[in-house]
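Colleague: When we follow our numbering, the leftmost residue of the sequence shown carries the number 140, and every step to the right adds one.
Shown below is the structure under consideration.
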Amino acid sequence: MESNAFVLYSREKCPLCDKAKRILEEVKFESGIGYKEIDIHTDDDLVEKFGLMIPVVEWKDDIVQFGNVDKLALNRLFEK
Numbered sequence: 140m141e142s143n144a145f146v147l148y149s150r151e152k153c154p155l156c157d158k159a160k161r162i163l164e165e166v167k168f169e170s171g172i173g174y175k176e177i178d179i180h181t182d183d184d185l186v187e188k189f190g191l192m193i194p195v196v197e198w199k200d201d202i203v204q205f206g207n208v209d210k211l212a213l214n215r216l217f218e219k
């Protein structure tokens with residue numbers, strides 16, 4: 140994954156995941172920084188790792204947010 144992109148771990152039928160996708164789309168539109176979405180149900184290890192934490196957002200291989208994603212906090216990550 141390119142280093143200047145977020146990774147969103149999500150699953151189907153997840154309202155918080157849908158909200159996180161909308162926020163990441165806004166960030167992409169405003170900053171040009173994209174994201175890759177990964178459904179945790181495609182990998183048993185991801186289900187075990189993230190389970191109830193989703194949505195989980197990674198930035199440069201670090202988990203930066205999970206659950207209720209905050210746009211302002213995401214913006215601060217790449218403004219540094």
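We treat Cβ as the ideally placed atom computed from N, Cα and C, and that holds for glycine.
Can you tell me the Cβ-Cβ gap for residue 204 and residue 213, rounded? I've got them flagged as a contact below 8 Å.
Modeller: 7 Å
Colleague: From the DSSP secondary-structure annotation, give me the bridge partner or partners of residue 172.
Modeller: Bridge partners of residue 172: none, in fact.
Colleague: In terms of alpha-carbon separation, which member of 184, 145 and 200 lies closest to residue 167?
Modeller: 145
Colleague: Please determine, among 158, 150, 143 and 151, the residue with the shortest C-alpha to C-alpha distance to residue 209.
Modeller: 158
Colleague: Please report the distance separating the alpha-carbon of residue 148 from that of residue 215.
Modeller: Their backbone Cα atoms lie some 20 Å apart in a straight line.
Colleague: CB residue 162 to CB residue 143, shorter than 8 Å?
Modeller: A distance of 8 Å or more separates the beta carbons of residue 162 and residue 143.
Colleague: Indicate the three-state DSSP secondary structure (helix, strand or coil) for residue 157 in the structure shown.
Modeller: In the three-state reduction of the DSSP assignment, residue 157 falls in the helix class.
Colleague: How far does the alpha helix (DSSP H) with residue 183 in it reach, from first residue to last?
Modeller: Membership of residue 183 in the alpha helix (DSSP H) is indicated by the continuous run 183 to 189.
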